[in-house]
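So the structure is just underneath, and the comments pick up after that.
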Amino acid sequence: MPYARSHQSAAMVRPTARDRKPANLSLPVDLIDEARSLGINLSQAAASGIAAAITQHRQARWVAENQDALQSSNAFVDQNGLPLDRYRHF
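The opening residue of the sequence shown carries number 1 in UniProt numbering; numbering runs sequentially from there.
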């Protein structure tokens, strides 16, 4: 699934015809008309949008799954300061 890779942007991934699967989408007519008038490739735009949504959802899921660790780390820093703070010169 090339568009679901979080370490690569959608612009970097160029799937071949073998990697693509037809899908039916229902979109607002005015959106389609404007996209076509601007020369926007609907398939590429949809794939980019879906890839961005996947990335956003994965990030949100990661934050939710790691919330306890994040809170623990923040509490440690609040109580003790940054571990290497004495070496900062800015």
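All residues carry an ideal CB built from backbone N, CA and C; glycine is no exception.
Collapsing the DSSP output to three states places Ser43 in a helix. Around the beta carbon of Ala52, fewer than 16 other beta carbons lie within 10 angstroms, which makes this residue exposed.
Assignment of His89 by DSSP, reduced to helix, strand and coil, places it in the coil class. Taking the Cα of Pro22 as reference, the smallest distance to any Cα among Arg36, Ala47, Phe76 and Val29 is reached at Ala47. Spatial neighbours of His57 in its own chain (CB-CB distance under 7 Å, excluding positions within 5 residues in sequence) are not present. For Ser37, the enclosing alpha helix (DSSP H) begins and ends at Val29 to Ser37.
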